[in-house]
Amino acid sequence: MGRGRVELKRIENKINRQVTFAKRRNGLLKKAYELSVLCDAEVALVVFSTRGKLYEFCSSPSMLKTLDRYQKCSYGAPDTSVQIRENQMLQSSHQEYLKLKARVEALQRSQRNLLGEDLGPLSSKELEQLEKQLDSSLKQIRSTRTQYMLDQLGDLQRKEQMLCEANRSLRKRYAQLEEASQANQQQVWEANANAMGYSRQPSQPQGEEFFHPLECQPSLGGQC
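Just so we're aligned, residue 1499 is where the sequence shown starts under my numbering, counting upward by one.
Here it is in structure tokens:
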């Protein structure tokens, strides 16, 4: 009677679990080695125990190269939809660049034509359009210049009006000061005139008692 199928589950006994891990690990490493030798396959095996100990096998000289190859195959595979969107964006950007380049070249050519350069390749119709464009530009320039001059004239007129008002204000102030000065001079003159009139009044005559003539008295020598 054959053995029944063993149910795969975690071995609860710690010692039995460690023994089983060692046996199965060695068997797995052996199978990986046999696979690489028999089938000429590139095999890499990485095993960590419950304690975190590393066991590895690699058929190639470098485990890092094998892992790098694995990452490129697993995560570096190009997405077709992404590539399509990128190609569409590149094409759109290239078309936009071509449009802008053509626009710049047209503007540069138009600028040279306006300056009177490269007129040889132009047809009569293109020359006529260029002439109309120049006439329109000249009209616009004249209009802008006229408006500028009118604005300047308006500013000058406003400044002139302000200066005239300031001049009138100064004249008015000067007249007021002149009147005040004349009034002060009139008051001073009147005060001086009154003072002079008072000083010219005749003085009162003094009595005879204030006058004593000198009399000579006879002396021994008979002289006065």
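All C-beta atoms in this analysis are idealised placements derived from N, C-alpha and C, irrespective of residue type, glycine included. Model, not experiment: these values are computed from the prediction.
Environment of residue i [buried if 16+ CB atoms lie within 10 Å]
| i | result |
| --- | --- |
| N1514 | exposed |
| A1681 | exposed |
| A1520 | exposed |
| A1539 | exposed |
| A1542 | buried |
Span of the beta strand (DSSP E) around residue i
| i | result |
| --- | --- |
| L1543 | A1542 to F1546 |
Spatial distance of residue i from residue j (CA atoms)
| i | j | result |
| --- | --- | --- |
| D1633 | T1644 | 16 Å |
| L1668 | A1693 | 37 Å |
| K1597 | M1587 | 15 Å |
| K1637 | Y1672 | 52 Å |
| V1535 | E1510 | 36 Å |
| K1657 | K1670 | 20 Å |
| L1562 | R1508 | 32 Å |
| E1688 | C1662 | 39 Å |
| R1640 | G1652 | 18 Å |
| A1678 | Q1684 | 10 Å |
Simplified DSSP state of residue i, which is helix, strand or coil
| i | result |
| --- | --- |
| L1617 | coil |
| E1510 | coil |
| L1718 | Any reading at L1718 must be qualified, since the residue scores a pLDDT of 46, below 50, and its modelled position is unreliable; the value itself is stated next. Coil, per DSSP. |
Enclosing alpha helix (DSSP H) for residue i [first to last residue]
| i | result |
| --- | --- |
| R1549 | Per DSSP, R1549 belongs to no alpha helix (DSSP H) and is neither H nor E. |
| S1572 | M1561 to Y1573 |
Short CB-CB distance (under 8 Å) between residue i and chain D
| i | result |
| --- | --- |
| E1510 | Chain labels in this structure do not include chain D; a single protein chain is all it has. |
Original post:
For the 8 Å Cβ check, are there 3 or more pairs between the segment 1590-1606 and the segment 1554-1571?
Top reply: no
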